[in-house]
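The next block holds one structure in the form of structure tokens; read it before the comments.
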Amino acid sequence: MSETATDRPVLGERIVHKTFPPITRHTLALYCGASGDHNPIHVDIDFARAAGFPDVFSHGMLVMAYLGQALTDAVAPDRIRSFSTRFAAITQLGARLTCEGHVIERIEHGGERRARLALTTKDENGETKLAGEAIIAL
Amino acid sequence: MVDQSAVGRSFTPVTACVEPGRLRFFLNTLGEQNPVYRGAQAARNAGYAAIPVPPTYLFCLEMMDAERPFEFLTDLDIDLARVLHGEQRFTYHAPVVVGDILTFKSRVTGITDKKGGAMTLVVVETAVTNQHGAHIADTARTIVVRNEGAI
């Protein structure tokens, strides 16, 4: 396998970076079926309004799936040891998301060299939607 | 408010198969183009026994094949309209690929009131095993319940 940027990560280096097209109602409907998360709050505006929201909004896990995609563009799936996020704010319709990950620490666990990545997903206004981290094997 | 005595409660185990058609639907929805997910040969060339699943797909498998996907909410008397996802964690012990049959066992590990009772955080942890009995992942979700009277 050829050497990639993640074989010798430099502290502070941004190794994850990807932007995604705007989230549409169609995206939410498809994700509802594809994910098995049928909570109507994400696809039924009547239900969302009755729950006190102005409109439907994205599944948090759709946003995390985009972050996961950005992550595995840079790191092979079997090298990810853990992946976690905090959902900092609701992601609205139309959001254009940018996912980034920086190397913040090099660690060793059970003889395996690893790196800790700080991950964020922000919308087009720079508002943080997800803040998390991943541990990857080097 | 959520009953604190629910800590420790476990739920009906869920068994889910990693089916290629359902996985393709997920990949298409996300616009996923990574070759490792899109072709069995590319996956084998990268060292996988079959096409691997993306990092968040375990969450989907558990919901797709549950008899009652919102069992823990109804059992804890939580209104679906009042929940938000607060945090999510995956810890991976071994790869998951197309054809695997996974079993998810979930239990409540924490219930904490916040902001003077305006919201309650409920933590559910899930152990995931495969058809060989191998413990392949642990997941944890934190659900935020907006209590009555709160926004």
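The listed protein sequences derive, respectively, from chains D and W. All the letters of the first sequence, read from the start, carry residue numbers 927 to 1064 under our numbering. All the letters of the second sequence, read from the start, carry residue numbers 159 to 309 under our numbering. Heads up, the beta-carbon is just placed ideally off N, CA and C, and yes, glycines get one too.
### Spatially closest choice to Asn305/W from Asp296/W, Gly291/W and Lys272/W, by CA coordinates
For the purposes of this step, residue 305/W is identified with residue 147 of the second sequence, where counting begins at 1. With distances taken between CA atoms, Asn305/W lies nearest to Lys272/W out of Asp296/W, Gly291/W and Lys272/W.
### Message
Is there a Cβ of chain W sitting closer than 8 Å to that of Thr1046/D, yes or no?
### Response
By one-based count along the first sequence, residue 1046/D stands at place 120. With a threshold of 8 Å between beta carbons, Thr1046/D makes no contact with chain W.
### Query
With contact counted as at least three CB pairs below 8 Å, one residue from each stretch, are the segment 1011-1022 of chain D and the segment 1052-1060 of chain D in contact?
Touching, yes, given that three or more Cβ pairs across the two stretches are closer than 8 Å.
### Message
Using only the alpha-carbon positions, how far apart do Asn288/W and Ser1010/D sit?
### Response
Position 130 of the second sequence, counted from the start, is the residue given in the question as residue 288/W. Position 84 of the first sequence, counted from the start, is the residue given in the question as residue 1010/D. So the two alpha carbons sit approximately 22 Å from each other.
### Query
For Val989/D, does the three-state DSSP call read helix, strand or coil?
Locating residue 989/D in the first sequence gives position 63, counting from the first residue. Reduced to three states, the DSSP call for Val989/D is helix.
### Message
Within 8 Å of any Cβ in chain D, is that where the Cβ of Glu283/W sits?
### Response
By one-based count along the second sequence, residue 283/W stands at place 125. Cβ-Cβ to chain D under 8 Å: no for Glu283/W.
### Task
Ignore the nearest five residues each way along the sequence and tell me which others in Ala996/D's own chain have a CB closer than 6 Å to its CB.
Position 70 of the first sequence, counted from the first residue, corresponds to residue 996/D. The residues are Val942, Lys944 and Cys1025.
### Task
Just tell me which of Met277/W, Thr300/W and Thr284/W has its CA closest to the CA of Met159/W.
Here residue 159/W is taken as the residue at index 1 of the second sequence, counted from 1. Out of Met277/W, Thr300/W and Thr284/W, Met277/W has the C-alpha closest to the C-alpha of Met159/W.
#### Entry: Span of the beta strand (DSSP E) around Gln199/W
Position 41 of the second sequence, counting from 1, holds the residue named residue 199/W. Looking at the DSSP string, Gln199/W is not in any beta strand (DSSP E); the run it does join, the alpha helix (DSSP H), is Ala198 to Asn203.
### Query
Which term fits Arg299/W, buried or exposed, when burial requires 16 or more other beta carbons within 10 angstroms of its beta carbon?
For the purposes of this step, residue 299/W is taken as residue 141 along the second sequence, with counting starting at 1. Result: buried.
#### Entry: Pro947/D versus Thr953/D: straight-line alpha-carbon distance, rounded
Locating residue 947/D in the first sequence gives position 21, counting from the first residue. Locating residue 953/D in the first sequence gives position 27, counting from the first residue. Their Cα atoms are separated by approximately 10 Å.
### Query
Leaving out the 5 sequence neighbours to the left and right, which residues in its chain are closer than 6 Å to Ala207/W when beta-carbon positions are compared?
Working through the second sequence from its first residue, we reach residue 207/W at position 49. Here the set comprises Val255.
### Query
What residues in the segment 196-221 of chain W have a beta carbon less than 9 Å from any beta carbon of chain D?
Listed by position, the residues of the segment 196-221 of chain W near chain D (Cβ gap below 9 Å) are Ala204, Gly205, Tyr206, Pro210, Val211, Pro212, Pro213, Thr214, Tyr215, Phe217, Cys218, Leu219, Glu220 and Met221.
### Task
Please list the residues of the segment 993-1004 of chain D that have a C-beta atom closer than 7 Å to any C-beta atom in chain W, keeping them in chain order.
Look at the segment 993-1004 of chain D: the residues with a C-beta under 7 Å from a C-beta of chain W are Gly994, Gln995, Leu997, Thr998, Asp999, Ala1002, Pro1003 and Asp1004.
### Task
Kindly indicate which three-state DSSP category Pro178/W falls into: helix, strand or coil?
For this step, residue 178/W is matched to residue 20 along the second sequence. In the three-state DSSP reduction, Pro178/W falls in the helix class (H, G or I).
### Query
Contact check, Leu231/W vs Ala174/W under 8 Å by CB: the rounded distance?
Here the question's residue 231/W lines up with position 73 in the second sequence. Here the question's residue 174/W lines up with position 16 in the second sequence. About 19 Å; that fails the 8 Å criterion.
### Query
According to DSSP, is Phe169/W helix, strand or coil?
To locate residue 169/W, count along the second sequence from 1; it is residue 11. DSSP, read as helix, strand or coil, puts Phe169/W in coil.
### Task
Compare the C-beta of Asn305/W with all C-beta atoms of chain D and state if any pair is closer than 8 Å.
The residue given as residue 305/W occupies position 147 in the second sequence. It does not: the Cβ of Asn305/W has no partner Cβ on chain D nearer than 8 Å.
### Message
Is Ser984/D close to chain W? Criterion is C-beta to C-beta, closer than 8 Å.
### Response
Residue numbering aside, residue 984/D sits at position 58 when the first sequence is read from its first letter. Judged by the 8 Å Cβ criterion, Ser984/D is not in contact with chain W.
### Task
Please work out which residues of its chain come closer than 6 Å, Cβ to Cβ, to Thr270/W, disregarding the five sequence neighbours upstream and downstream, and give them in chain order.
Taking the first residue of the second sequence as 1, we reach residue 270/W at position 112. Spatial neighbours of Thr270/W in its own chain (CB-CB distance under 6 Å, excluding positions within 5 residues in sequence) are listed in chain order as Leu279.
### Simplified DSSP assignment, three categories, for Ser984/D
Residue numbering aside, residue 984/D sits at position 58 when the first sequence is read from its first letter. Ser984/D falls in the coil class under three-state DSSP.
### Query
Can His1028/D be considered in contact with the ligand FMN, in the sense that its beta carbon sits closer than 7 Å to one or more heavy atoms?
Judged by which ligands are present, the structure shown has none, so any question about the ligand FMN falls away.
### Task
Tell me, please, whether the CB atom of Leu956/D is closer than 8 Å to any CB atom in chain W?
Within the first sequence, residue 956/D is the residue found at index 30, counting from 1. Answer yes: the Cβ-Cβ gap between Leu956/D and chain W drops below 8 Å somewhere.
### Check whether Val969/D and Ala955/D have beta carbons under 8 Å apart
Along the first sequence, read from residue 1 onward, the residue named residue 969/D stands at position 43. Along the first sequence, read from residue 1 onward, the residue named residue 955/D stands at position 29. In contact: Val969/D and Ala955/D (Cβ atoms closer than 8 Å).
### Message
Distance check for Gly189/W and Val282/W, CA to CA, integer angstroms please.
### Response
As a position in the second sequence, residue 282/W is number 124, starting the count at 1. As a position in the second sequence, residue 189/W is number 31, starting the count at 1. Rounded to the nearest angstrom, the two C-alpha atoms are 30 Å apart.
### Query
With a cut-off of 8 Å, does the C-beta of Ile967/D fall near any C-beta of chain W?
As a working mapping, residue 967/D is identified with position 41 in the first sequence. Chain W, which has a Cβ nearer than 8 Å to the Cβ of Ile967/D, makes this yes.
### Message
Checking 8 Å against the spacing of the C-beta atoms, do Phe248/W and Ala295/W come in under that value?
### Response
Position 90 of the second sequence, counted from the start, is the residue given in the question as residue 248/W. Position 137 of the second sequence, counted from the start, is the residue given in the question as residue 295/W. Against a cut-off of 8 Å, the Cβ pair of Ala295/W and Phe248/W comes out as a contact.
### Range covered by the beta strand (DSSP E) that runs through Ile941/D
Counting from 1 along the first sequence, the entry for residue 941/D is found at position 15. Boundaries of the beta strand (DSSP E) harbouring Ile941/D: Arg940 to Thr945, taken from the DSSP string.
### Query
How far does the alpha helix (DSSP H) with Arg1007/D in it reach, from first residue to last?
As a first step, residue 1007/D must be located in the first sequence, where it is residue number 81. For Arg1007/D, there is no enclosing alpha helix (DSSP H); the residue is found in the beta strand (DSSP E) stretching over Ile1006 to Phe1013.
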